[in-house]
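*Asks:* The structure under discussion is supplied below as structure tokens; questions concerning it will follow.
Below you can see the structure in the form of structure tokens.
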């Protein structure tokens, strides 16, 4: 009996030992020097709490403010290969905008590159976030953050459920006029906020002003950087027959907020949009 | 005669030296911040280190491609300026770069690189170039006679048409594609595929050798087509072959490196100021100095505002133009003056 | 040596030359004359491989010139244009050496010693040897024309064609060039065909003349036969007096101005 107990203890000890050692091994297999070539991914790394493993990012990674201080090795599209190499990363996170030839070159040089394509819906944003969590060994943290965001989202969408669905036009580009179709995650903002995106069924984002006037949205949201937004707002205001113009419901949203989404930031922006498209009845 | 040959060999020797110095300089300089003192020990014994990889996997391929593209464009420039007897002609005047850019544009927008892999972009560029070459040639050749003026006009027209089509495609494409198109067009010597670089090098060298078979013909053509005919040159055959040679060199260069302007225009002129218009010396000296020039410009492009990189075509334009204007004001340039 | 048969030249519906027939013996010194637009230059060029004929044949030493290769032909026939382009800035020696192109071998890039000797000889004959190292752009019109002749001679041709070589030249150079060509014709047996607008020069230097009018041959023969006051009036529509040159006994045309006509 005593021998059996001893054997069992040994067995359990061996099991635990191998489990711990493989956990340690797995931990040391996790990327320790990460370079992010996509602002959204930079933000997500900070969310997951692994920012000390981030060694460099792009010059446009300005969120959160601490990210500005990291070493800069790229623009959104072009990478400085020499700088990347000299930093000896064990993981480079690329976007679909990153120059594919450079991605190829990095792989040829023996560097691990994972590409995250542009998310086209909120669920894709969540999936990518989870994937990132898995890669850096923070799967649990990712799941936790996701479930929090989902909970918050449900409460927001719940609020808008019984309200009338206003017709919304979301403009993301000027000259040429570019709308948001259901091919983009921005469409989900409108969907979850309880509005109808008049351009959601369009084949391409190229839109004509005439079509917008014809569809007569109640709200126009302009997502764009700088003065262009103001100019566009002025142009829309001149159309007296446009509902959005009549009721002065043309809003400008900062593209920095919208364009590099994390699950958390998505929900924050969603809240703002709900406020914009639903008017509190007098 | 002996004196002439010695002076020619002297120039070739000098320019080879300049090329080597520029190459060494380019190898030692970059945004990785490797100190100059470390370069030689690195080359000799640094195999396997990251710094070694930076020198030989990142910088060296760019230097080699720069040499190949620079010389290809310069040779094409010499040939075309000799054929057209027009100092404003450069490899892109024939519309070849427009065709290549259009080919790449369509590839990116139609997502063809999913099918073809990483080689599909240069392939579609080359295909676009070939289509333009055939179009320009068939539009300008009447009854077996290749009219020089016709070539020029057709080329310019096709350039315009290609640009308009490219702008059209850019206007209706998504942001991701747009970036890809613009950066390709602006020109870059970064090429991941070493086999492709070898192909360009091979074609440049071949191009140089073949152009020498026509050096005397080019000299005779400088007197005018009729005079050249009287001197026993088969001008029709010569024009045809020279056109194909220059087009292939240009098409190859453009499809791999994008549109890098000014090199094919300025380098031949510049060399003419120093070595004269005899094509037997002009071809090799333009090839050598064109390569050195492009390597130098690329080095500046990737270091001036590091970590950002300027498109190499911007540097070739500014520096090429400035140097050229300076020397033009000092020396007289004589090219094919008519009585 | 040269035979032209039923030659017709032109484009679209326009005929520049038609019904041209003549034969030139080796060693001849022929001149082609006629009013402006009569087709003189075209006729000269028709005897080279430059022009495509609509009809007819040109036979050189019995062989149709179309059957000659370009190089082969250039070794036998040289052409001196009226105004030659200067090409890139080269020395006179390099300019003359271009005449050796037809003799260049397949992979030969540099001129051989033999080429240099021939070029030297050509420059000596044309008295341009003193400009050997000067740039072509530095020479006067007359000197340049002599250099062009030197280049043609470097081709070692059997037939020399010249298109108005004396146009734009002063009288010194006119005579120099024509004297040179006649000397080559008499001493070396070089066959010459020269287009001239100056009838007196044509009369003085040429053994036989072809007078063209509106693309047709009006008269072929020795100067005495061709340059009569009646023929000149028919072709040139102008009244002249034809005298005998007191020194050479060749026809000499005297111009009669409007004023003088009034006085008669």
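Protein chains in written order, with our numbering: chain A, 1 to 282; chain B, 1001 to 1339; chain C, 2001 to 2264.
The C-beta atom is built at its ideal place from N, Cα and C for all residues, glycine as well.
1) Beta carbon of residue 167/A, beta carbon of residue 196/A: below 8 Å?
2) When the cut-off is 8 Å and only beta carbons count, does residue 2200/C lie next to chain B?
3) Go through its chain and collect everything with a Cβ distance to residue 109/A's Cβ below 7 Å, but skip five positions before and after it.
4) Given that residue 75/A touches chain B, what residues does it touch there, using C-beta distances under 7 Å?
5) Residues in its own chain within less than 6 Å of residue 328/A by CB, not counting five upstream and five downstream?
6) Mind pulling the chain B residues with CB within less than 9 Å of residue 2084/C?
7) State the CB to CB distance for the pair residue 87/A and residue 34/A, rounded to an integer number of angstroms; the pair is presumed to be in contact (CB under 8 Å).
8) With a floor of 3 residues, list each beta strand (DSSP E) that falls wholly inside the region 2128-2169 of chain C, ordered by position along the chain.
9) Per DSSP, what kind of secondary structure is residue 1033/B in: helix, strand or coil?
10) Please report the straight-line C-alpha distance between residue 113/A and residue 1003/B, rounded to a whole angstrom.
11) Here's the rule I'm using: 16 or more other beta-carbon atoms within 10 Å means buried, otherwise exposed. How should residue 1298/B be labelled?
12) How would you list, in chain order, the residues of chain B whose beta-carbon sits under 7 Å from the beta-carbon of residue 2074/C?
13) Alpha carbon to alpha carbon, how far is residue 185/A from residue 224/A?
14) To the nearest angstrom, report how far apart residue 2227/C and residue 2239/C are at their CA atoms.
15) So does the region 1227-1244 of chain B actually touch the region 1272-1290 of chain B, counting three or more Cβ pairs closer than 8 Å?
16) For residue 2146/C and chain B, any beta-carbon pair shorter than 8 Å?
17) Identify, in the order they occur along the chain, each residue of the same chain with its Cβ nearer than 7 Å to the Cβ of residue 103/A, setting aside the five sequence neighbours on each side.
18) Got a sec: is the Cβ-Cβ distance from residue 2002/C to anything in chain B below 8 Å?
19) Could you spell out where the alpha helix (DSSP H) holding residue 1304/B opens and where it closes?
20) Show which residues of chain A have a CB atom less than 9 Å away from the CB atom of residue 1183/B.
21) Relative to chain A, which residues along the region 1238-1266 of chain B have a C-beta separation below 8 Å, given in chain order?
22) Let me see if you follow: with CB-CB separation under 8 Å, is residue 1030/B close to chain E or not?
23) Please work out which residues of its chain come closer than 6 Å, Cβ to Cβ, to residue 1296/B, disregarding the five sequence neighbours upstream and downstream, and give them in chain order.
24) Since residue 2196/C contacts residue 2024/C with CB under 8 Å, what's their CB separation in whole angstroms?
25) Less than 8 Å between the CB atoms is what I'm expecting for residue 2037/C and residue 2209/C, so what's the real figure, rounded?
26) How close, in whole Å, do the beta carbons of residue 122/A and residue 142/A come, if the pair is a contact with beta carbons under 8 Å?
27) Please compile the residues from chain C whose C-beta is within a distance smaller than 8 Å of the C-beta of residue 1276/B.
28) Is it buried or exposed for residue 232/A, if we count other Cβ within 10 angstroms and need 16 for buried?
29) Here's the rule: buried if 16 or more other CB atoms are within 10 angstroms of the residue's CB, otherwise exposed. What is residue 281/A?
30) The alpha helix (DSSP H) that contains residue 2250/C, what's its start and end?
31) Any beta carbon from chain B within less than 8 Å of residue 2245/C's own beta carbon?
32) Would you say residue 1315/B faces chain A, with C-beta separation under 8 Å as the test?
33) Looking only at DSSP bridge pairs, what is residue 169/A linked to?
34) Roughly how many whole angstroms lie between the Cα atoms of residue 2065/C and residue 1132/B?
35) Among residues of its own chain, excluding the 5 on either side of residue 1018/B, which ones have a beta-carbon nearer than 8 Å to its beta-carbon?
36) Let me know if residue 273/A comes out buried or exposed under the rule of 16 or more other beta-carbons within 10 Å of its beta-carbon.
*Replies:* From the atom records:
1) A contact, by the Cβ cut-off of 8 Å.
2) no
3) Within the same chain, residue 109/A has close Cβ partners 85.
4) 1308
5) No information on residue 328/A is available, as it lies outside the stretch 1 to 282 that chain A covers here.
6) 1223, 1224, 1227, 1339
7) That belief does not hold up - the Cβ atoms of residue 87/A and residue 34/A are roughly 10 Å apart, past 8 Å.
8) 2159-2163
9) DSSP places residue 1033/B in coil when its eight states are reduced to three.
10) 59 Å
11) Buried.
12) Per Cβ cutoff of 7 Å: 1230, 1231, 1232.
13) 16 Å
14) 13 Å
15) no
16) no
17) 94, 113, 115
18) no
19) No alpha helix (DSSP H) holds residue 1304/B; DSSP gives it neither H nor E.
20) 77, 78, 99
21) none
22) The chain labelled as chain E is not found among the protein chains of the depicted structure, namely A, B and C.
23) Closer than 6 Å at the Cβ level, and outside the excluded window around residue 1296/B, lie 1022.
24) At roughly 16 Å, the Cβ-Cβ gap does not stay under 8 Å, so residue 2196/C and residue 2024/C are not in contact.
25) Actually they do not touch by this definition, with Cβ atoms about 18 Å apart.
26) Not really, about 15 Å apart at Cβ, beyond 8 Å.
27) 2088, 2089, 2090
28) Taking a 10 Å sphere around the C-beta of residue 232/A, we find 16 or more other C-beta atoms and assign the residue as buried.
29) Residue placement at residue 281/A is poorly supported in this model, since its pLDDT is 49, which falls under 50; the coordinates still yield a value, given next. Exposed.
30) Residue 2250/C -> no alpha helix (DSSP H), and no H or E assigned at all.
31) no
32) no
33) Answer is 220/A.
34) 37 Å
35) 1288, 1289, 1292
36) Counting other Cβ atoms within 10 Å of its Cβ, residue 273/A reaches 16 or more and is therefore classed as buried.
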